[in-house]
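Participant:
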Amino acid sequence: MAKYRKLGRTASQRKALIRAEVTNLLHHGKIITTEAKAKEIRKVAEKLIALAVKEKDNFETVTVDAKVAKKDENGKRVKEVVDGKKVTVYETVQKEIKKDLPSRLHARRQMLKVLYPVTEVPTEAAGKKANTKKVDLTAKLFDEYAPKYAERNGGYTRIVKIAQRKGDAALKVVLELV
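The opening residue of the sequence shown carries number 1000 in my numbering; numbering runs sequentially from there.
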């Protein structure tokens, strides 16, 4: 008996497909796909969520001094002339940051091996590079999904059968986070 479904693709294509679908599932919360793909995607997604739940509280809060550019009332950086050159003025600010302990850092890197980078584009700026922002899915896993599923022992996803696809009669399903 096979350990995984081949999905009619080569190994690299299959890996890319699963990575993309897992990224979409964790970013949007649910996806529509075929039943065979959903069962493979579910395996990977559940492992990532379980890893996040296990390492959710494994960090320490540290206070650091950070240099931040001083800004005027319009939000632009303040510059002053020093030795004939315009130089940005910086001020020192105390910030609290979360510092991952080694096992959480390892878990974060394991997640990054699977997840693709996600960039969100606002609808009014579609097609423009400005106003895009990167979404940190590992932070979303640790901060949103891990506390939500902390009391659960597995079973973080649900597969709901919806219909057969018109072209090849493949069973379409909704794969969603519970």
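For each residue, glycine too, the CB sits at the ideal point set by N, CA and C.
Straight-line CA distance for N1152 to V1052?
Facilitator: So the two alpha carbons sit approximately 10 Å from each other.
Participant: Where does the unbroken alpha helix (DSSP H) through R1108 begin, and where does it stop?
Facilitator: Element bounds for R1108: P1101 to V1113.
Participant: With DSSP collapsed to three states, give me the class of V1159.
Facilitator: Of the three classes helix, strand and coil, the one that applies to V1159 here is strand, per DSSP.
Participant: Less than 8 Å separating the beta-carbons of L1170 and T1033?
Facilitator: Cβ distance < 8 Å, so L1170 and T1033 count as in contact.
Participant: Looking at the unbroken alpha helix (DSSP H) that takes in K1066, where does it start and where does it end?
Facilitator: Per DSSP, K1066 belongs to no alpha helix (DSSP H); it is in the beta strand (DSSP E), F1058 to A1068.
Participant: Which first and last residues belong to the alpha helix (DSSP H) in which L1136 is found?
Facilitator: Here the alpha helix (DSSP H) through L1136 covers L1136 to K1139.
Participant: Exposed or buried, I1048, counting other C-beta atoms within 10 Å across all chains shown (16 or more means buried)?
Facilitator: Label assigned to I1048: buried.
Participant: Got a sec? Which residues, its chain only, sit under 8 Å from K1132 by beta carbon, not counting five neighbours each side?
Facilitator: The answer, listed in chain order, is T1118 and E1119.
Participant: If you drop the 5 nearest sequence neighbours on each side, which residues of the same chain put their C-beta closer than 8 Å to that of K1098?
Facilitator: The answer, listed in chain order, is F1058, E1059, T1060 and V1061.
Participant: Roughly how many angstroms lie between the CA atoms of E1045 and T1156, to the nearest whole one?
Facilitator: Spanning the two alpha carbons is a distance of roughly 7 Å.
Participant: At a cut of 8 Å, does the stretch 1018 to 1036 reach the stretch 1069 to 1076 through at least three beta carbon pairs?
Facilitator: No: the two stretches stay apart, fewer than three of their Cβ pairs being nearer than 8 Å.
Participant: Identify the continuous alpha helix (DSSP H) that holds T1022 and give its terminal residues.
Facilitator: That run of the alpha helix (DSSP H) goes A1010 to H1027.
Participant: Among E1054, L1016 and Q1093, which has the Cα closest to the Cα of N1064?
Facilitator: In the sequence as displayed, the identity of residue 1064 is Asp instead of Asn. The shortest Cα separation from D1064 among E1054, L1016 and Q1093 belongs to Q1093.
Participant: To which residues does DSSP link L1176 through a beta bridge?
Facilitator: BP columns for L1176 point to T1156.
Participant: Please determine, among L1136, A1010, A1149 and E1090, the residue with the shortest C-alpha to C-alpha distance to Q1109.
Facilitator: Nearest of L1136, A1010, A1149 and E1090 to Q1109, Cα basis: L1136.
Participant: Please report the residue range of the beta strand (DSSP E) in which V1117 lies.
Facilitator: Where V1117 is concerned, the enclosing beta strand (DSSP E) stretches over V1117 to E1119.
Participant: Any idea what DSSP makes of K1086, helix, strand or coil?
Facilitator: At residue 1086 the sequence reads Val, which differs from the Lys that was named. Strand.
Participant: Taking the straight line between their C-alpha atoms, what separation do you get for V1088 and E1079?
Facilitator: Rounded to whole angstroms, V1088 to E1079 spans 7 Å at the Cα level.
Participant: Tell me where the beta strand (DSSP E) around E1079 begins and ends.
Facilitator: That run of the beta strand (DSSP E) goes K1078 to V1081.
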